[in-house]
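Heads up: the sequence shown runs through residues -27 to -1, 1 to 303, numbered per mature numbering (1 follows the signal peptide of the UniProt record, and there is no 0).
Taking it in order: structure first as C-alpha cells, then the write-up.
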Amino acid sequence: MELQYLSPLTLLVRVLLLSQGSRPGMCRMTRSSGYYDNVVHGDGIGSHTFEDHRRRPMGADNTGERNRPVPWGPTVPGPIFDPSPPRNVTAFKDDNAFLHCIVHNLSDKTVSWIREKDLHILTVGPYTYTADDRFSVIQNQEDAASWVLKIKSVQPRDSGRYDCQVNTHPTNPISYSIWLSVFVPTARIEGNREIYVDRGSTINLTCIINHNPESRTETFWYHNNKVINYDSRDSRVSVITDRGAVTKTILLIHDAHDGATGSYSCIPSPSAVASVTVHILNGEMPAGLQTNGGRRINSGFMSLISLTYLTLPYFILMIITDKVHLANCI
C-alpha cells in the first residue's frame, strides 16, 4: 500500500474539517424549541442513545420527529364521604332511628351498612341482608349519593357503632362511622303512690316524662286501665301539657266522686308507665292533711297508724301488769 504524502497545511485543513463535520453512522444532538431531537446522517437512521430516551419528550418517535403529545385520560376521583351527616345519633326506645350516609363519586361502587359489634352486614346496595325486618336502607332516587339506614322501633340493644362502607377494590374499603345511642324514656307521677282525696274536691295528678323532646307522641292517662277521654263534653276532666326537655302533663278531675276511685296511669310510651292509686274519702280524715283541695296521706304515715293500733293493746297490758305487781308489793 502506497502511503500518500500530506503536507502539514493539508493535514491541518483535514483535521479541522473532521472536527466540524459528522461521519456516517454517528448522531449528534441539536436543540430545537426547547427539546432535544436526533439528527441522523447516512446509515445511522434510528440510532440513539439511552440519553436520547431519557430526554426525548412525550410523543417523539425514534426518528426524532416530535408528534402531538399523547393525552392522558381525565382523572376520575374515587368515592368520598360527605362529612355533613351527624356521627352521633340519639333515639329513644320504640322510636325510629335514621343514620344518614352521603357518598359522592360512587360510580359503580357499592354502599353497605355494617353493625360493628358483631360485623353483621345489614344491607348491600338497596338489598337487606338480615332477618331482622326492622332494618332497611332508604335510597333516594333523586339523590343517588344518599344512603340512609332506617331502624324501626329501636331498642337499647341496638346502641353501638354502624359503618357505612364503600368497597374500593383493589384498595381497602372506606368507611363512615356513626354511633347510635338508645335511651329508655321514664315517667313518674309526683307525690305518693297512695293518694287520698275528699269527695267533691279536685284530683290533681302531675306526670313528669323524660323522653325525646322532638317526639310529638301524645301522652295518655288511664283510669283502671281505660283511656280517659278528656276531649269529651265532661268539663270536669282536663289535661294541661307543657313540652320541653322534660314534658309535664297534669290531669285535673274536678268534683271527685266515688267513681273516681282507683288506679291512674300516665303512659307516654309502652316502656314508660307511672301509676298511682286514688281513694275518695267522705271527710273522715283530719282536715290538716288536705293538699291542693285533696287529702294525700303518706304511706309511711298510714304504716305508723297501723303499727300504733297493733302495739297499743300490748302497752295497755304492760301498764295493767305493772299496777298489779305494784299492788302486791304494797
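Note that the Cβ used here is the ideal one computed from N, Cα and C, for glycine as well.
The beta carbons of VAL62 and ILE151 sit about 6 Å from each other, so the pair counts as a contact at 8 Å.
Two segments are said to touch when three or more pairs of C-beta atoms, one from each, lie closer than 8 Å; by this definition the region 173 to 184 does not touch the region 77 to 86. Between GLY235 and HIS196, the gap from beta carbon to beta carbon is short of 7 Å. The DSSP-derived three-state label of GLY232 is helix. DSSP, read as helix, strand or coil, puts PRO241 in strand.
Remark: C-beta atoms of THR96 and VAL76 do not approach each other more closely than 7 Å. Taking the CA atoms as reference points, CYS239 sits about 6 Å from PHE193. Within the same chain, LYS221 come within 7 Å of ASP215 by CB-CB distance, once the 5 residues on both sides are set aside. Judged by DSSP in its simplified three-state form, ARG161 adopts strand.
In this structure, DSSP gives ASP136 an extended state, which the three-state scheme calls strand. By the neighbour-count definition (other C-beta atoms within 10 Å, threshold 16), GLN114 is an exposed residue. DSSP lists no bridge partner for ASN197. The C-alpha of VAL200 lies about 10 Å from the C-alpha of TYR237. According to DSSP, residue pairing for THR144 in a beta bridge does not occur. LEU153 is classed as buried because its beta carbon has at least 16 other beta carbons within 10 Å across all chains shown. Of all alpha-carbon atoms in GLY51, ASP67, PHE71 and ALA118, the one lying nearest the alpha-carbon of ARG60 is that of PHE71. For the beta strand (DSSP E) assignment, the uninterrupted runs of no fewer than 3 residues enclosed by the region 58 to 97 are, from N- to C-terminal side, 61 to 65, 70 to 77, 84 to 88 and 93 to 97. When the Cα atoms are used, VAL212 and VAL157 turn out to be separated by approximately 24 Å. Take the alpha-carbon of VAL155 and the one of GLY133: they are about 9 Å apart.
Rounded to the nearest angstrom, the Cβ distance from ILE147 to ASN69 is 27 Å, too far for a contact under 8 Å.
Cβ neighbours of HIS252 within its own chain (closer than 8 Å, five residues either side excluded): GLU167, ILE168, TYR169, VAL170 and THR234.
If you draw a straight line from the Cα of ALA247 to the Cα of VAL121, it comes to about 35 Å. With contacts defined by Cβ atoms closer than 7 Å, ILE94 and ASP136 do not form a contacting pair.
Sequence-distant partners of THR141 (beyond 5 residues in either direction) whose C-beta falls short of 7 Å from its own C-beta, in its chain, are GLY51, PRO52, LYS82 and ILE147.
Rounded to the nearest whole angstrom, the CA to CA distance from PRO143 to LEU79 is 15 Å. In the three-state DSSP reduction, ASP215 falls in the strand class (E or B).
Between SER126 and ASP67, the beta carbon gap of about 5 Å places them in contact (Cβ cut-off 8 Å). Per DSSP, SER119 is one residue of the beta strand (DSSP E) stretching across 119 to 124. Around the beta carbon of VAL249, a 10 Å sphere encloses 16 or more other beta carbons of the protein chains shown; the residue is thus reported as buried. For GLN112, the enclosing beta strand (DSSP E) covers residues 108 to 112. For VAL170, the enclosing beta strand (DSSP E) has its first and last residue at 167 to 171. Rounded to the nearest whole angstrom, the C-alpha separation of PRO129 and ALA64 is 9 Å. Annotation: ASN198 to ARG206 spans about 21 Å, alpha carbon to alpha carbon.
The beta carbon of GLY173 is closer than 8 Å to those of ASP228, ALA229 and HIS230 in its chain, skipping five residues each way along the sequence.
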